[in-house]
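A short worksheet on the structure shown next.
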Amino acid sequence: MLIFVIRRLAVSIPVLIGITAILFVMLNVVPGDPVALMMKEHASADVIERLRAQMHLDDPLITRYLRFLWDALHGDLGMSIKLNRSVTSLILTAFPATLLLAGCAAAVSWIVGIPAGILSAVRRDSLLDNFFMGFSLLGVSMPIFWSALLMQYIFALKLKWLPVSGFYGWKYLILPAVVLGWSSAGVIARLTRSSLLEVMRHDYIRTARAKGLREVRVISRHALKNALIPVVTIMAIQVATLLSGAVITEAIFGIPGVGRISVNAIQSRDMPLLQGSVLFATALVILGNLIADILYSVLDPRIRSEMKRDV
Amino acid sequence: MSMPVESVIVGSTPETIEEASFLGDSLRAFRRNRMAMAGLAFVVLLVLSTIFVPWISPHDPYRVALDEQLLPASATYWLGTDNFGRDVLTRILYGARISLVVGIVPSLLSLMIGTVLGILSGYFGGRTDFTVMRLADMMIAFPSLLLAMVVMYTLGANLLNIFLALALVGWAGVARVVRAQTLALKQKEFIEAAHAGGTSRPTIMLRHIFPNVVPTLIVLFSLSIPEAIMWESSLSFLGVGVQPPEASWGLLVAKGKEYLFQAPLVAISPGIAILLTVLAFNFIGDGLRDALDPSMKD
Chain A
1 MLIFVIRRLA VSIPVLIGIT AILFVMLNVV PGDPVALMMK EHASADVIER
51 LRAQMHLDDP LITRYLRFLW DALHGDLGMS IKLNRSVTSL ILTAFPATLL
101 LAGCAAAVSW IVGIPAGILS AVRRDSLLDN FFMGFSLLGV SMPIFWSALL
151 MQYIFALKLK WLPVSGFYGW KYLILPAVVL GWSSAGVIAR LTRSSLLEVM
201 RHDYIRTARA KGLREVRVIS RHALKNALIP VVTIMAIQVA TLLSGAVITE
251 AIFGIPGVGR ISVNAIQSRD MPLLQGSVLF ATALVILGNL IADILYSVLD
301 PRIRSEMKRD V
Chain B
1 MSMPVESVIV GSTPETIEEA SFLGDSLRAF RRNRMAMAGL AFVVLLVLST
51 IFVPWISPHD PYRVALDEQL LPASATYWLG TDNFGRDVLT RILYGARISL
101 VVGIVPSLLS LMIGTVLGIL SGYFGGRTDF TVMRLADMMI AFPSLLLAMV
151 VMYTLGANLL NIFLALALVG WAGVARVVRA QTLALKQKEF IEAAHAGGTS
201 RPTIMLRHIF PNVVPTLIVL FSLSIPEAIM WESSLSFLGV GVQPPEASWG
251 LLVAKGKEYL FQAPLVAISP GIAILLTVLA FNFIGDGLRD ALDPSMKD
């Protein structure tokens, strides 16, 4: 097991380093001098020159990249140009909000998605199945920014049950979590359904039924154990979807999270802040995938032996 | 936003595209699929109305009429007017032009890149495979929206760069699927026979492997269109995509959200257009998948 984790890490770390390189090159070949941007037109040529030297902007790209990598390894992602604060501290301040939002959204998607998927599979082709699958298809096909506005309009503006936007308590979290969770719930419901239907075809299920077990027990005790393996792993992979979605959800609901930092950084052309926040999000995704793979191998011994041969 | 492409496609090795009966069967199966046909009908209708909108609609999408701001739906303005007094429905149909083009062009681009790299990677293996797949790993690890945002930041917000950004986001998934299929095909006797017969490697890839990947590519294409439409609308909504006075659906929703309370239709209706179009393409994609590769049905 430990060997598997180490091997898997050995694949993830180069990927992360490669991503820093791609990100760094993409953001540092951008036309426009960050120092000039920072100082507007007030600074003299002399001051700009000094700042450029201080920020090492005149060094070759590769030197700057290696320095960035070294600093990033030590938790230093540079200084925000516009806010004049350390990028790391800005991100760490914003992260709890994102974590809370994504966590609640994930919870919504599991609590809704898994039971819906199970019921759909059990009552295959029934009205209930069609209803759930229609609902999940809707969740997958709606742009998040639009379902967010729709929810705001219905529940905040018309019914006045919930606040429109802001981040001052649990009430402010309900709409964003439901909006963000809905799209994931659709994916989870469909996966649970198809996975359970697949498992139900196996011989051991027939055996369980032949033993005279009640259908509820066949499903809960025998089928679900195997059917939920892919569902559990997709939960970890969800990190990427939730983070992309959080960018939009945070922007609409005014939640001060990492996603909003990225959007603000683009609007104010704050390169170090954009670089740091995107890198942070990507690192989270890689971590999520790593956890998914490890979970998968823990839950399904077949994968473990297969991976041993492949990796 | 939708299922990862790998999970939809992996395991499919269509072998008989050359046979007329395969195509015929597939077409029949597709035609029998009611949802897919409904999706196709919607898309055809949408394309026709975006082409002919200057003749269908009596309204000018850019004319500002300040005395007709934010009107409710009426016989003249079927979906009301926006904050500049412009007809919302007409704006949506003009916006459809951009949204459809953005659905198709980047999907084609990522399909081309992904197919070439996927076949090379699967066929040659070794170092080529390693390099391409690690690159694909990196692209897939980026949260798509953030990657696209970074590209737009670097290159500037315009339509051409949206194509590039979305192609960059999409190729890796295609490459993985195509590679997996190439690996499977490589084991087949007919490839071995071609080798033994002295066929050159480029010819094998082009003549023997590529045609067998085409059915999968068609499915991938039809499923990546709705995804690209979603990403474009999200980018435009955040202000890093299509720029005004150009209109895409995402931008229309973004502009309309300021008037959500007075005139909800301005923001809500372009979203319905996105939803219906994405649904239609997903139905078509599902129909194509079932028709071209029945083994994928659950």
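Protein chains in written order, with the numbering used here: chain A, 1 to 311; chain B, 1 to 298.
Every residue gets a Cβ at the ideal spot worked out from N, C-alpha and C, and that includes glycine.
Reference residue i; option with closest CA among the options
i, options, result
"A:H74", "A:V87, A:I81 and A:K82", "A:V87"
"B:T115", "B:I209, B:G125, B:A254 and B:W231", "B:I209"
"B:R176", "B:S236, B:G239 and B:Y123", "B:Y123"
"A:Y204", "A:N289, A:T63, A:I219 and A:R190", "A:I219"
"B:V43", "B:D290, B:L108 and B:L275", "B:L275"
"A:A102", "A:S141, A:K211, A:P163 and A:V285", "A:V285"
"B:I268", "B:A73, B:V219 and B:P202", "B:A73"
"B:V102", "B:L166, B:L79, B:L89 and B:D129", "B:L166"
"A:P115", "A:A265, A:S12 and A:L228", "A:L228"
"A:L99", "A:V298, A:L299 and A:F280", "A:F280"
"A:R8", "B:D137, B:G80 and B:H195", "B:D137"
"A:I111", "A:M200, A:I19 and A:I188", "A:I188"
"A:S12", "A:D300, A:V298, A:A292 and A:P60", "A:A292"
"B:P245", "B:F84, B:M35, B:V150 and B:A29", "B:F84"
"B:M112", "B:R28, B:L146, B:N161 and B:L217", "B:L217"
"B:I68", "B:A75, B:G80, B:P58 and B:P61", "Inspection of the sequence shows that residue 68 of chain B is occupied by Glu rather than by Ile. When only C-alpha atoms are compared, the closest one is B:G80."
Other residues of its chain near residue i: CB distance less than 6 Å, five sequence neighbours each side excluded
i, result
"B:L223", "G285"
"B:Y77", "L71 and D87"
"A:F253", "S165 and P176"
"B:A254", "F237"
Any chain B beta carbon closer than 8 Å to residue i
i, result
"A:D310", "Below a pLDDT of 50, predicted positions are generally treated as unreliable, and A:D310, at 49, falls in that range; no measurement from the model is reported."
"A:M18", "The sequence given here places Gly at residue 18 of chain A; Met does not occur at that position. By this cut-off, A:G18 is an interface position."
"A:F145", "yes"
"A:N289", "yes"
"A:V178", "no"
"A:I114", "no"
"A:T88", "no"
"A:S297", "no"
Beta-carbon separation (whole angstroms), residue i vs residue j, contact threshold 8 Å
i, j, result
"A:S277", "A:A185", "At roughly 26 Å, the Cβ-Cβ gap does not stay under 8 Å, so A:S277 and A:A185 are not in contact."
"B:V132", "B:S121", "4 Å"
"B:F142", "A:I19", "7 Å"
"B:M149", "A:S262", "7 Å"
Neighbour flag for residue i against chain A, beta carbons, 8 Å
i, result
"B:T154", "yes"
"B:L252", "no"
"B:L260", "yes"
"B:N282", "yes"
"B:M3", "For B:M3, the predicted model reports a pLDDT of 44, less than 50, meaning its position is unreliable; a value from the coordinates is still stated below. Interface residue, yes."
"B:V102", "no"
"B:P106", "no"
"B:V151", "yes"
"B:D298", "In this prediction, B:D298 has a pLDDT of 40, which is less than 50 and means its spatial position is unreliable; what the coordinates show is noted afterwards. B:D298 counts as touching chain A."
"B:I51", "no"
"B:K257", "yes"
"B:P244", "no"
"B:E6", "Its pLDDT being 45, under 50, B:E6 is placed unreliably by the model, and the measurement read from it follows with that caveat. With 8 Å as the cut-off, B:E6 does not count as an interface residue toward chain A."
"B:L146", "yes"
"B:L238", "yes"
"B:D290", "no"
"B:S26", "no"
"B:M133", "no"
Whether residue i touches residue j by CB criterion (8 Å)
i, j, result
"B:Y153", "A:L274", "yes"
"A:W161", "A:F155", "yes"
"A:I174", "A:I248", "no"
"B:A301", "B:F283", "Residue 301 of chain B lies beyond the stretch modelled for chain B, which goes from 1 to 298, so this question has no answer here."
"B:G173", "B:S107", "no"
"A:A283", "A:L16", "yes"
"B:V105", "B:F22", "no"
"B:I119", "B:T199", "no"
"B:S26", "B:A291", "yes"
"A:V231", "A:T192", "yes"
"B:L260", "A:L157", "yes"
"A:S147", "A:M133", "no"
"B:L279", "A:L137", "yes"
Own chain partners of residue i with C-beta closer than 8 Å, once the 5 adjacent residues on each side are dropped
i, result
"B:S49", "I56, L93 and A96"
"A:R302", "none"
"A:L83", "L90, D270 and L273"
"B:L147", "M139, A165, L168 and V169"
Own chain, CB closer than 7 Å to residue i, minus 5 neighbours either side, in chain order
i, result
"A:D58", "R52"
"B:L46", "A96 and T277"
"A:Q238", "A106 and S184"
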